[in-house]
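Remarks on the structure that follows.
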Amino acid sequence: MSPFRLFWIFVKVSSFTIGGGYAMIPVIKEFIVDKYKIMKEDEFLDVIVTAQTVPGVIAINTAMILGSRLAGLWGAFFAVLGASLTPFFIILVIATFFTDFADLPVFKGFFAGARVGVTVILANLSFQLLKKSLKRYLILIVIAAGTVAIVFFNISSIWVLLLCSILIYIIDRRLAR
Amino acid sequence: MILIELFWSFFKIGLLAFGGGYGALSLIQDQIVNINNWMNLEEFLTLISISQMTPGPIAINSATFIGYRIAGVPGSVCSTVGVVLPSVFWIFLILKLLKLLSRWIDTSEVFNALRLGIVALILSATFRIGIESINSIFTLILGIFAFVILSKFRLSVIWIVLGTGLVGVIWTVLLPF
Chain A
144 MSPFRLFWIF VKVSSFTIGG GYAMIPVIKE FIVDKYKIMK EDEFLDVIVT
194 AQTVPGVIAI NTAMILGSRL AGLWGAFFAV LGASLTPFFI ILVIATFFTD
244 FADLPVFKGF FAGARVGVTV ILANLSFQLL KKSLKRYLIL IVIAAGTVAI
294 VFFNISSIWV LLLCSILIYI IDRRLAR
Chain B
8 MILIELFWSF FKIGLLAFGG GYGALSLIQD QIVNINNWMN LEEFLTLISI
58 SQMTPGPIAI NSATFIGYRI AGVPGSVCST VGVVLPSVFW IFLILKLLKL
108 LSRWIDTSEV FNALRLGIVA LILSATFRIG IESINSIFTL ILGIFAFVIL
158 SKFRLSVIWI VLGTGLVGVI WTVLLPF
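Respectively, the protein sequence lines represent chains A and B.
My numbering numbers the first residue of the first sequence as 144 and each following residue consecutively.
My numbering numbers the first residue of the second sequence as 8 and each following residue consecutively.
As structure tokens, this is what we get:
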């Protein structure tokens, strides 16, 4: 894959990432897995997981891993550039011309609506990923407990990811026996 | 010099921020409000709400915004590069580590568990954005409608985000008349 194509994919992806890094996961998946079929879903999830295991801006971590997997060093460079340029320029325009833009009804309305859209695409992705383990009740319980721990008890997501994965690993081994 | 200070502060944020934007917020607040006094708390909270409303990762948005406020365009470039750069280091490290690890253990089994563990993180992001954005009967109906369209017609997730945004504009701008 050419680095410039990666650049454009990440420009598009970062333009629709409203409300934090997670919102970009369904958008990238649509491009990389569903539309262009460059990666399988499992491979893509491995990239997402790896990006979460180290500190840093998750969007940039993801862009770097995907870029380097698909097009080497230049791929990583252009993916990161694409992921950071759009937000950079949007914020620059806002900071220069209208800091009070957040009060304009048009923008307020747009982003209030768009965040509902982001919720929907994230919920849809969650359902897709859960479908595979619908019959493994123990794993569903672990995932539900992890979600509750993050949302209601503000436990750091890295600990939830590690603990949930260790439990799921143990459950998988027990079931395999 | 202010440009170096900006770069260094955001470099530290990128280096230590675990778990993406929400995890990084307290770290950003520490550097911007408590340590360097670049903004007071009220300005900081306005900035965060702008960062959450505009496209892009929260860490990059706030780096660009604060950099511009403190030292114009050069400031915004320095702080954005500062927050992005640590990802290069971390990703390089984790990819090397994974390669090394795969010699000793079968990492595919570990990743099988991690792929399910990450669903808890995606679900919790869904809930967090959902709780904030779906706060009225109108947004609930919009959400259900968008979800049905997404799963029945396999529309691009980008159109879902744009479409819900447009409905939001129509709702807030046209409805009062």
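Backbone N, C-alpha and C fix where the C-beta goes; we use that ideal spot for every residue, glycine too.
These figures come from a predicted structure and were not determined experimentally.
Residue j and residue i - do their beta-carbons sit closer together than 8 Å?
i                : j                : result
Ser269 (chain A) : Val126 (chain B) : yes
Ile165 (chain B) : Val303 (chain A) : no
Phe150 (chain A) : Leu235 (chain A) : no
Ser69 (chain B)  : Ile35 (chain B)  : yes
Gly260 (chain A) : Val168 (chain B) : yes
Arg122 (chain B) : Val192 (chain A) : yes
Ile181 (chain A) : Ile98 (chain B)  : no
Ile101 (chain B) : Thr196 (chain A) : yes
Gly172 (chain B) : Phe253 (chain A) : yes
Thr262 (chain A) : Thr133 (chain B) : yes
Ala120 (chain B) : Asp315 (chain A) : yes
Thr61 (chain B)  : Ile311 (chain A) : no
Ile203 (chain A) : Ser143 (chain B) : no
Leu13 (chain B)  : Gly63 (chain B)  : no
Leu149 (chain B) : Gly210 (chain A) : no
Pro248 (chain A) : Thr179 (chain B) : yes
Val176 (chain A) : Ala226 (chain A) : no
Phe153 (chain A) : Lys172 (chain A) : no
Ala214 (chain A) : Met144 (chain A) : yes
Leu128 (chain B) : Ile293 (chain A) : yes
Looking only at C-alpha atoms, which of the options sits nearest to residue i?
i                : options                                   : result
Ala266 (chain A) : B:Leu107, B:Asn41, B:Leu157 and B:Ile9    : B:Leu157
Ala219 (chain A) : B:Leu92, B:Thr146 and B:Phe14             : B:Leu92
Glu139 (chain B) : A:Gly162, A:Ile181, A:Lys172 and A:Phe187 : A:Gly162
Phe18 (chain B)  : A:Leu272, A:Phe232, A:Ser300 and A:Gly199 : A:Gly199
Phe174 (chain A) : B:Ser163, B:Leu130 and B:Glu116           : B:Ser163
Ala66 (chain B)  : B:Arg76, B:Ile136, B:Arg110 and B:Ala24   : B:Ala24
Distance, Cα to Cα, residue i vs residue j?
i                : j                : result
Ile168 (chain A) : Phe250 (chain A) : 24 Å
Pro81 (chain B)  : Asp37 (chain B)  : 22 Å
Gly164 (chain A) : Gly170 (chain B) : 20 Å
Asn297 (chain A) : Ile309 (chain A) : 20 Å
Val291 (chain A) : Asn43 (chain B)  : 35 Å
Ile112 (chain B) : Ile313 (chain A) : 16 Å
Ser58 (chain B)  : Ala166 (chain A) : 14 Å
Met8 (chain B)   : Leu130 (chain B) : 43 Å
Val155 (chain B) : Leu32 (chain B)  : 34 Å
In chain order, what residues of the same chain lie with their CB nearer than 8 Å to the CB of residue i, ignoring the 5 residues before and after it?
i                : result
Thr114 (chain B) : Leu105 and Leu108
Asn47 (chain B)  : Val40
Leu10 (chain B)  : Ala78, Pro81, Gly82 and Cys85
Phe147 (chain A) : Phe221
What is the DSSP secondary structure of residue i, counted as helix, strand or coil?
i                : result
Pro198 (chain A) : coil
Ile161 (chain A) : strand
Pro194 (chain B) : Chain B is shown from 8 up to 184; residue 194 (chain B) falls before or after that span and cannot be answered.
Lys183 (chain A) : coil
Trp111 (chain B) : helix
Phe25 (chain B)  : coil
Leu130 (chain B) : helix
Ser56 (chain B)  : helix
Enumerate in chain order the residues of its own chain whose CB-to-CB distance from residue i is below 7 Å, with the five nearest sequence positions on each side excluded.
i                : result
Lys103 (chain B) : none
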